[in-house]
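Numbering (our numbering), first residue to last: 558 to 697.
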């Protein structure tokens, strides 16, 4: 994402993770690649950070704890600009979304998020069945 930002005139990428060590590793790698000045690093819970960060955003990539997916959607919708893209990872959840006996909070979170976004008329949604499934959604 940061290379695309740099190659297309600049901007800012917000990198949000809950683990300081992961954030430090990302900062080191991106700095060595010459992208450090385009990234803001946040060690925080992602939805809380999104609520506190000024938007609008052109693109949001969401790969948080799956049980939190449904609660993230209103904040994503608020912060993503009209015409922006949302990418949600692990939407097939290793096939668990198809197992009616799996009622774990994570699986139910993925199911509910999918239901919410696909029934919201403000989104154009595609499920891309690569690896563990990705939703790519365009905000009208």
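Beta carbons: idealized from backbone N, C-alpha and C, even for Gly. Computed from a predicted structure; not experimentally measured.
Review point. Looking only at its own chain, which residues have a Cβ that is under 7 angstroms from the Cβ of residue 602, when we skip the five neighbours before and after it?
Key: In the chain shown, residue 602 corresponds to position 45, counting from 1. Cβ within range, chain order: 575.
Practice item. Determine which residues share a DSSP beta bridge with residue 699 and list them. Key: Absent from the model: residue 699. The displayed extent of the chain is 558 to 697, so no value can be given.
Point to revise | Residue(s) in a DSSP beta bridge with residue 645 | key: The residue labelled residue 645 in the question sits at position 88 within the chain shown. In DSSP, residue 645 forms a bridge with 619, 692.
Check your understanding: Among 581, 622, 688, 635, which residue has its Cα nearest to the Cα of residue 607?
Key -> Your numbering for residue 607 matches position 50 in the chain shown. When only C-alpha atoms are compared, the closest one is 635.
Review point. Does the Cβ of residue 657 have 16 or more other Cβ atoms within 10 Å, making it buried, or fewer, making it exposed?
Key: Sequence index remark: in the chain shown, residue 657 carries index 100 (1-based). Exposed is the call here.
Practice item. List the residues that DSSP assigns as beta-bridge partners of residue 683. Key: As a first step, residue 683 is located in the chain shown; it is residue number 126 there, counting from the start. Answer is 693.
Exercise for review: Please check the pair residue 624 and residue 690, which I expect to be a contact at CB under 8 angstroms, by giving their CB distance rounded to whole angstroms.
Suggested key: As a first step, residue 624 must be located in the chain shown, where it is residue number 67. As a first step, residue 690 must be located in the chain shown, where it is residue number 133. About 17 angstroms separates the two Cβ atoms, so there is no contact after all.
Check your understanding: What does DSSP give as the partner residues of residue 598 in its beta bridges?
Key -> Position 41 of the chain shown, counting from 1, holds the residue named residue 598. Paired residue(s): 572.
Review point. Among the residues of its own chain, which have a CB less than 8 angstroms from the CB of residue 675, if the five just before and after it don't count?
Key: Position 118 of the chain shown, counted from the start, is the residue given in the question as residue 675. These residues qualify, in order along the chain: 682.
**Study point:** Exposure of residue 668, with buried meaning 16 or more beta-carbon neighbours within 10 Å
**Key:** Taking the chain shown and counting its residues from 1, the one referred to as residue 668 is at position 111. Burial call: buried.
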